[in-house]
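Sequential numbering of the sequence shown, starting at 1, is according to full-length UniProt numbering. For reference, the structure is listed below as structure tokens.
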Amino acid sequence: MQRAMQRRGHAVFAVDPYAVLRGNRWVTAWAWRTGTMGISRLIERHIRQSVGDGAFDVAFVDNGELVSASAVKFLRARAGRVALFNRDNPFVSRDGMRWRTLRTALRHYDLYATPRQSTAEIARAAGVKHVLRVNFFADEVLHRPQIPTAEEQAQFGSPVSFVGSWFAERGPFMETLARRGVPLKVIGQRWERADNFAAFRHVVVPGYLDSAAYSAAVRSAEIAICMLSKGNQDLQTSRSSEIPAMGVVLCAERTAEHMAMYVEGEEALFWSSAEECADLCLGLLADPARLARIAAGGRRRVLTNDNWAETTMEQILLAAVGEVALS
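In structure tokens:
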């Protein structure tokens with residue numbers, strides 16, 4: 001997002017509060033599990049020292065899990081307006097106490113931007129002053145079509161892929177795809193925790209992916225599966241735009257928001273079960289001409305929908321300084 005703002009011509013001074021945690025996995029785990037209990041002052045001190053006496057037009061906080069109410073007040077003294085963008089759902093129980101500090105600080109922000117309607121409604125009901133609903137988005141540079149390198153193809157290449165982490169409901173889904181003979185790679189972290197891991201171990205490429213590796217993994221498939229987090233109450237996700245933006249066929253869970261974004265069967269594939277997903281993937285792989293049409297149609301639709309990083313960052317910044325109407 002920093003680069004998206006810079007591409008729009010904004011001068012960006014970046015502060016990384018995660019630098020306080022980096023290199024110490026125990027402190028990182030503690031911050032996640034307790035919502036920075038006992039270390040929020042250390043993080044705030046890092047923010048204060050980094051910002052110093054600088055003056056800014058807007059302070060933009062990405063994620064916000066580490067930024068205390070006191071730190072938000074400090075940022076307002078330096079910038080006048082403080083905006084928070086959080087793509088997660090800090091109001092559900094999935095992540096335990098992770099969002100404790102954010103929820104305490106939330107009412108002190110001048111603007112809270114979220115890509116989820118349910119989250120926006122909860123925030124308004126909780127008394128957050130200004131809430132902006134945005135869409136999940138792709139990045140204009142990271143998620144452009146590009147031919148994978150030979151090395152990327154060797155590591156990630158597969159007709160069908162799922163790029164993402166394990167959650168409990170995803171293990172049985174992947175087992176079904178593997179059993180049905182879908183030519184699949186499952187790329188990401190924590191899959192060894194699945195109770196049924198042995199049933200699909202042979203298709204898993206384990207490990208953490210940074211943003212560039214994630215893009216390479218998606219581009220190395222013809223069809224990319226998009227699964228939603230039930231714990232986050234998602235009806236779409238970043239991948240909903242990122243996958244077709246890269247010229248790969250989106251094969252996603254059928255939801256009202258997905259069906260509003262794409263024409264089913266022409267711009268994307270939608271499923272309601274693992275069996276239906278397997279049928280769709282196998283059927284499309286047997287029809288290369290249709291596969292190419294859907295991939296091209298999805299890419300065109302992303303361009304039409306205009307759900308991009310630069311556009312969204314500009315929307316948030318303009319809302320923060322009061323130049324666009326808020327709900």
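Note that the Cβ used here is the ideal one computed from N, Cα and C, for glycine as well.
| Any chance the stretch 194-209 sits against the stretch 132-147, with 3 or more Cβ pairs inside 8 Å? | no
| said: Please tell me whether S220 and S165 are closer than 8 Å, where the distance is taken between their beta carbons. | reply: no
| How would you write the range of the beta strand (DSSP E) that T114 sits in, first residue to last? | L111 to T114
| message | Between which two residues does the alpha helix (DSSP H) holding F74 run? | response | A69 to A79
| said: My output table needs one value for R94: the three-state DSSP class, helix, strand or coil. | reply: coil
| Hey, does G80 have any beta-carbon neighbour from chain B nearer than 8 Å? | No chain B is present in this structure, which holds just one protein chain.
| I187 and V163 closer than 8 Å at C-beta | yes
| message | Taking only three categories from DSSP, how would you classify E266? | response | coil
| query | When DSSP labels each residue in this structure, what does R133 get in the three-state scheme? | reply | If DSSP states are grouped into helix, strand and coil, R133 belongs with the strands.
| request: State the DSSP-derived secondary structure class of D16, mapped to helix, strand or coil. | output: Collapsing the DSSP output to three states places D16 in coil.
| query | What does DSSP give as the partner residues of P206 in its beta bridges? | reply | Answer is G188.
| request: Would you tell me roughly how many angstroms separate the C-alpha atoms of A69 and L75, rounded to the nearest one? | output: In this structure, the alpha-carbon of A69 lies about 10 Å from that of L75.
| Whole-angstrom C-beta distance between A295 and V248, which should lie under 8 Å | The pair is a contact, with the Cβ atoms about 6 Å apart (cut-off 8 Å).
| request: Taking 8 Å as the cut-off, decide whether the C-beta atoms of A278 and T176 are in contact. | output: yes
| Among all the DSSP beta bridges, which residues are the ones paired with A252? | BP columns for A252 point to C226 and F270.
| task | Determine the DSSP secondary structure at V218, reduced to helix, strand or coil. | result | helix
| message | Determine whether the beta carbon atoms of E267 and R301 lie at a separation below 8 Å. | response | It is a contact, given that the beta carbons lie within the stated cut-off.
| Using 8 Å as the Cβ pair cut-off and three pairs as the minimum, do the stretch 78-93 and the stretch 55-63 touch? | yes
| Is DSSP giving S240 helix, strand or coil here? | In this structure, S240 counts as helix in the three-state DSSP scheme.
| task | Find the nearest neighbour of L269 within the set C281, A260 and E275, judged by alpha-carbon distance. | result | Residue C281 holds the alpha-carbon nearest to the alpha-carbon of L269 among C281, A260 and E275.
| query | Can D139 and A319 be called in contact, C-beta distance under 8 Å? | reply | no
| request: Reducing DSSP to helix, strand and coil, say where R145 ends up. | output: For the record, residue 145 in the displayed sequence is Pro; it is not Arg. The answer is coil: DSSP assigns P145 none of H, G, I, E or B.
| query | What residue from I223, L106 and E275 has the CA that sits closest to R293's CA? | reply | I223
| request: Identify every residue that forms a DSSP beta bridge with A319. | output: The partner list for A319 (beta bridge, DSSP) is empty, contrary to what the question assumes.
| field | Residue span of the beta strand (DSSP E) that contains L84, given as start and end | value | V82 to F85
| C-alpha gap between R299 and N24, whole angstroms | Whole-angstrom Cα-Cα distance: 41 Å.
| Would you call the stretch 3-19 and the stretch 85-98 in contact, with 3 or more CB pairs under 8 Å? | no
| message | Tell me the DSSP secondary structure of F56 in three-state form. | response | coil
| field | Spatial distance of A105 from V141 (CA atoms) | value | 32 Å
| said: Determine whether the beta carbon atoms of E44 and A83 lie at a separation below 8 Å. | reply: no
| Which first and last residues belong to the alpha helix (DSSP H) in which S40 is found? | S40 to V51
| query | So, helix, strand or coil for S158, using DSSP? | reply | strand
| task | Return the CA-CA distance between G52 and W308, expressed in angstroms with no decimal places. | result | 32 Å
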